[in-house]
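Residues 966 to 1566 in the working numbering are what the sequence shown lists, from first letter to last.
See structure below.
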Amino acid sequence: MSQARNLFPFTRPYLPLLAAAVLLLTFSGLLEALIVTLLEPVFNLWSSGSAAGSGPAGARFGFLQNWLGLEEDGALVRIALFLVLFSFLKGVFLYLADNWMAYCGHSVVASLRKRLYQRLLDHSLAFYARHPTGQLMAPVISDTERLQDAVSKKLADFVRQSVLLVAFLGLVFYIDWKLSLVTFLLAPVVLGITTLLGRKVRRLAWLSQQKISDLSQTLQETITGQRIVKAFGMQRYEEERFRETADQLVRVEMKSVRYTALSSPLMEFLGYLLFAPFLLYVSHQIGQGVSVGAFVSFIVALFKLYDPIRKLSQMHLHFQQASASSNRIFELLQTPFDLLDRPGARPLPPFGDEIRFERVSFAYPGQERPVLRGIDLRIGRGEIVALVGASGAGKSTLASLVPRFYDVTEGRLLIDGRDVRDVTQESLRAQIAIVSQDTFLFNDTLRNNIAYGRQDCSMEEVEGAARAAYIDDFIGTLPRGYDTVVGERGQRLSGGQRQRIAIARAILKRAPILILDEATSALDSASEQLVQKALENLMRDCTTVVIAHRLSTVRMAHRIVVLDEGRIVETGDHEQLIARAGVYQYLYRMQHPDESGTPVP
966 MSQARNLFPF
976 TRPYLPLLAA
986 AVLLLTFSGL
996 LEALIVTLLE
1006 PVFNLWSSGS
1016 AAGSGPAGAR
1026 FGFLQNWLGL
1036 EEDGALVRIA
1046 LFLVLFSFLK
1056 GVFLYLADNW
1066 MAYCGHSVVA
1076 SLRKRLYQRL
1086 LDHSLAFYAR
1096 HPTGQLMAPV
1106 ISDTERLQDA
1116 VSKKLADFVR
1126 QSVLLVAFLG
1136 LVFYIDWKLS
1146 LVTFLLAPVV
1156 LGITTLLGRK
1166 VRRLAWLSQQ
1176 KISDLSQTLQ
1186 ETITGQRIVK
1196 AFGMQRYEEE
1206 RFRETADQLV
1216 RVEMKSVRYT
1226 ALSSPLMEFL
1236 GYLLFAPFLL
1246 YVSHQIGQGV
1256 SVGAFVSFIV
1266 ALFKLYDPIR
1276 KLSQMHLHFQ
1286 QASASSNRIF
1296 ELLQTPFDLL
1306 DRPGARPLPP
1316 FGDEIRFERV
1326 SFAYPGQERP
1336 VLRGIDLRIG
1346 RGEIVALVGA
1356 SGAGKSTLAS
1366 LVPRFYDVTE
1376 GRLLIDGRDV
1386 RDVTQESLRA
1396 QIAIVSQDTF
1406 LFNDTLRNNI
1416 AYGRQDCSME
1426 EVEGAARAAY
1436 IDDFIGTLPR
1446 GYDTVVGERG
1456 QRLSGGQRQR
1466 IAIARAILKR
1476 APILILDEAT
1486 SALDSASEQL
1496 VQKALENLMR
1506 DCTTVVIAHR
1516 LSTVRMAHRI
1526 VVLDEGRIVE
1536 TGDHEQLIAR
1546 AGVYQYLYRM
1556 QHPDESGTPV
1566 P
């Protein structure tokens, strides 16, 4: 029931079509039962030698024969015509119902996938730090595929088999209720076996999806980390790790297959177990004057009844597997957001004055030790402020608070006097551009990568941003120019080229606040010079926060802020901080020993 409640909002738009499909499936089931009842007059005709369908007095469906006119001459011809007509109508109803059910199922699962993707996009960076990529991909891809199979295929068959079960069950009880009761003595046993197998299959389905998540995670890591895998000669190790997880998945899946495969032969065996006493009873009843046709109809209906029972028991196992997938899907859908716009949050007006940190402290979720402690810092409009310090000092964390990738633990972060928690995230981030060391490019064209975030821009604007980033000449040498696809993560470009594409993207955004997170630390000297010139164009008229390990890149800053163990320990320009002989001088001499003879010990 909880699964149905979770799915209901996604199925609500398709309820009329689903109802129509169920109605057609009901009609098809009734027609199939009606076809079976037509066997009685056929066999009664043959056993009596009459040209009409009057048959023995023990006929069970005399009223139906009268309604269809089977008491008259030429009854066999009429029966044949009715069989063709009912079969045709049944086929039409099934075709339409299956199509409508499939459409509803695919549409529901597509809505689920869209909602999952939307939720993933809206989660914070802290959420992604807690959840491996493979675990997030599995519900969107493999879990929804399993649910789609259950909804679009198995659900239609489930409705049809349920209708057939009810129709044939009513038929056999109408023909001979005593015999039907004897026949169904094993029903509690069948139900118990089906329930037990279903529980085991559901648990194995959950384990199976976990193993698929592990496979996705291993695959994602090894593909994106191929350079490291090959550099350290770890191909065989990764191959073995993947093989072991794949073998574990096979073992789990085979357990599920064994339980599922056991259901059908077990049901069949129980059916034949009752068949011997059933034959003796039939022989006795015919001797008492009951029509042969009625018992032929009973036998056919009984065998027809077996098929939906067998299929429904198997479907129960499939639905248990889908239920395990559904649990994972809705667990992800119902995971609360770490960062939300406050009720009544308003758009941030255009940036005009300052960014201010007031006694800001911050600790990552799940960590007791704060990364930042009591930060007080003002960055005025048009100012370039460089954040420097040893690795782990808190530079990148401090910069990540500005676009509100994380919320401060204590204190406030203000933009033009407004707490960033009181404005919408969309309006805040619309005024911030970021260029980082780890430049991410999409497997798309150069044009689309530069225009990312500005889909409304013209080609002239894209080319202007590329010229300002000193990448236009390179793009002009490519056979397809701006329509060149850069490959996954931009692997077809050099590090400097990727960085200049990212700078062009930031230039095109025209954001008043700019964050440069170690934008040149991974480049050689020649590439760094080009990137540095591009950065100068980018920083023009921007309020800029520069994070750099390479201290030679921060001399352009109006002010340098030195962080140590999450605190601001020094502030000033390059000459002032060198003269102060503090943390900055130590860091600088470690990188430039030639300017002082030897590095500071």
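Even glycine gets a Cβ: it sits at the ideal position worked out from N, Cα and C.
Can you tell me the Cβ-Cβ gap for residue i and residue j, rounded? I've got them flagged as a contact below 8 angstroms.
i, j, result
"D1318", "T1389", "About 19 angstroms; that fails the 8 angstroms criterion."
"L1077", "I1294", "6 angstroms"
"G1376", "E1323", "5 angstroms"
"A1395", "L1479", "The Cβ separation is near 13 angstroms, so there is no contact."
"L1473", "V1427", "7 angstroms"
"S1288", "S1221", "Wrong, their Cβ atoms sit about 13 angstroms apart, outside the cutoff."
"V1450", "D1387", "Contact doesn't hold; Cβ gap of about 42 angstroms is too wide."
"I1320", "V1400", "In fact, because the Cβ distance is near 17 angstroms, the residues do not count as touching under 8 angstroms."
"S1127", "L1277", "7 angstroms"
Could you tell me the boundaries of the alpha helix (DSSP H) in which residue i lies?
i, result
"T991", "980 to 1002"
"A1122", "First, the amino acid is wrong: residue 1122 is Asp here, not Ala. 1120 to 1140 is the extent of the alpha helix (DSSP H) around D1122."
"Y1116", "Note that residue 1116 is Val in the sequence shown here, rather than Tyr. Taken as a continuous stretch (DSSP letters only), V1116 belongs to no alpha helix (DSSP H), as it is neither H nor E."
"I944", "Nothing can be reported for residue 944, as the shown portion of the chain is limited to 966 through 1566."
"E1426", "1424 to 1433"
"S1361", "1360 to 1366"
"G1441", "1437 to 1441"
Taking its Cβ as the centre, do 16 or more other Cβ atoms sit within 10 Å of residue i, making it buried, or is it exposed?
i, result
"S1356", "exposed"
"A984", "exposed"
"P1273", "buried"
"E1333", "exposed"
"M1555", "exposed"
"S1052", "exposed"
"R1311", "exposed"
"E997", "buried"
"S1459", "exposed"
"D1179", "buried"
"Y1060", "exposed"
"A1016", "A caution first: A1016 carries a pLDDT of 42, below 50, which makes its placement in the model unreliable, though a value can still be read off. A1016 comes out exposed."
"Q1285", "buried"
"A1132", "buried"
"F1123", "buried"
"G1181", "The residue asked about is misnamed: residue 1181 is Ser in this sequence, not Gly. Flag for S1181 reads buried."
"P974", "exposed"
"P1046", "The displayed chain sequence assigns Leu, not Pro, to residue 1046. Under this definition L1046 is an exposed residue."
"F1234", "exposed"
"V1215", "exposed"
"T1509", "buried"
"R970", "exposed"
"P1564", "Annotation note: pLDDT 42 at P1564 (below 50); position unreliable, no value reported."
"N1064", "exposed"
"T1442", "exposed"
"R1505", "exposed"
"M1219", "exposed"
"G1020", "No answer about G1020 holds up, because its pLDDT of 43 lies below 50 and its placement is not dependable."
If you follow the beta strand (DSSP E) that residue i is in, where does it begin and where does it stop?
i, result
"E1535", "1532 to 1537"
"V1401", "Position check: residue 1401 holds Ser in this sequence, whereas Val was assumed. Where S1401 is concerned, the enclosing beta strand (DSSP E) stretches over 1397 to 1401."
"V1527", "1524 to 1529"
Can you tell me which residues form a DSSP beta bridge with residue i?
i, result
"E1323", "R1377"
"D1384", "L1379"
"T1509", "I1349, L1479"
"I1340", "V1325"
"R1311", "V1388"
"T1410", "V1450"
Can you tell which of the options has its C-alpha closest to the C-alpha of residue i?
i, options, result
"G1354", "R1164, I1044, T991, E1530", "E1530"
"R1532", "S993, S1326, L1378, A1433", "S1326"
"A1351", "Q1200, H1523, Y1082", "H1523"
"L1227", "K1165, D1538, G1537", "K1165"
"V1393", "A1476, F1322, G1359", "Reading off the sequence, residue 1393 comes out as Leu, not Val. Answer by Cα proximity: A1476."
"V1105", "L1298, P1368, L1129, Q1213", "L1298"
"V1336", "P1315, A1364, I1349", "A1364"
"V1116", "M1066, Y1435, I1436, R1383", "M1066"
"D1403", "E1348, Q1462, G1441", "Q1462"
"R977", "A1513, C1069, N1064", "C1069"
"Y1082", "M1102, H1071, R1095", "M1102"
"I1044", "K1079, L1004, T1210", "L1004"
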